[in-house]
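In the numbering used here, the protein residues as written are 20 to 256. Before any comments, here is the structure.
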């Protein structure tokens, strides 16, 4: 993060889809908190690709976990823009620490072994992130209402990770296989999100882009904005 770059600027650069969805959050304080959450997700997700061995990755993830645990204990937050933003945000720091813990799985060699392992990983990462964002936007948001949407988005993210050369998917899975699994999760999500408060919908809105990503489509910002606007306006993915 450059000295002159704000946290919002960072998330816009490194996680543009979630950042675009956050523009539909009307409350400025809530939007800032969710952006800080997405900043944490970026910091955790990039660890595995930025270290030469698992031990170094574990050290970095432990730094973030302990930073969140210190916030939970009421200690002065560490001097890091994202840590300080999360210390001021309305999240349970212990839940944030669990996000760091879940990313230890990124340090394992080889792909996830089967569908159950893939879904468990997605639920602990993209799923937990969506739950935290949804509950920050509306404290009454039901975690089950974001499950399918978060899974669809997380699975499509694993496909994009594979395209970058860092696959965690079972070796036998083809794009067609994964596209069907994403479609199944989106089908489940259509019913689930009906129970999601309108204010919390931006937490799951990125899933509206999952189908296009699985089709191998390159979307510009205008198309992404249109898809996200339609999803948010209609409550449909």
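Every residue gets a Cβ at the ideal spot worked out from N, C-alpha and C, and that includes glycine.
Alpha helix (DSSP H) runs contained entirely in the region 96–169, provided each spans 4 or more residues: Annotation: the region 96–169 contains the following complete segments of the alpha helix (DSSP H) (minimum length 4 residues), in chain order: 100–107, 112–121, 134–141, 147–156.
Burial state of residue 35 (16 or more Cβ within 10 Å): exposed
Selection from 184, 175, 197 that minimises the alpha carbon distance to residue 225: 175
Nonlocal neighbours in the same chain, by C-beta distance under 6 Å from residue 70, ignoring five residues either side: 76
CA nearest to the CA of residue 195, picked from 178, 94, 247: For the residues 178, 94, 247, the minimum Cα distance to residue 195 belongs to 178.
Residue 256 beta carbon near the ligand GDP (any heavy atom closer than 8 Å): This structure lacks the ligand GDP, and indeed carries no ligand of any kind.
Nonlocal neighbours in the same chain, by C-beta distance under 6 Å from residue 60, ignoring five residues either side: 148
Proximity to residue 255 [Cα-Cα], best of 119, 239, 221: 221
C-beta contact flag for residue 213 and residue 227 at 9 Å: no
Status (buried if at least 16 other CB within 10 Å, exposed otherwise) for residue 217: exposed
Where residue 192 falls: helix, strand or coil (DSSP): coil
Where residue 246 sits in the DSSP three-state scheme: Three-state result, residue 246: helix.
Nearest-angstrom Cα separation, counted from residue 229 out to residue 251: Going from the Cα of residue 251 to the Cα of residue 229 covers about 15 Å.
Pairwise C-alpha distance: residue 105 and residue 93: Taken atom to atom, the span from the alpha-carbon of residue 93 to that of residue 105 is near 13 Å.
Among 63, 239, 186, 31, the one whose alpha carbon lies nearest that of residue 132: Comparing Cα-Cα distances from residue 132 to each of 63, 239, 186, 31, the minimum goes to 186.
Cα-Cα separation between residue 202 and residue 95, rounded to whole angstroms: For residue 202 and residue 95, the distance between alpha carbons rounds to 45 Å.
Straight-line Cα distance separating residue 51 from residue 188: Answer to the nearest angstrom: the Cα atoms are 33 Å apart.
Supposed close pair residue 66, residue 26 - CB separation, criterion 8 Å: Incorrect: roughly 18 Å between the Cβ atoms, too far for contact.
Residue 79 and residue 89 closer than 9 Å at C-beta: no
Of the residues 83, 31, 168, the one placed nearest residue 145, counting alpha carbons only: 168
Simplified DSSP state of residue 181, which is helix, strand or coil: helix
Secondary structure, alpha helix (DSSP H): runs of 4+ residues fully inside the region 221–245: 229–233
7 Å CB neighbourhood of residue 164 in its chain, flanking five on each side removed: 211, 212, 214, 215
Secondary structure of residue 25, DSSP reduced to three states: coil
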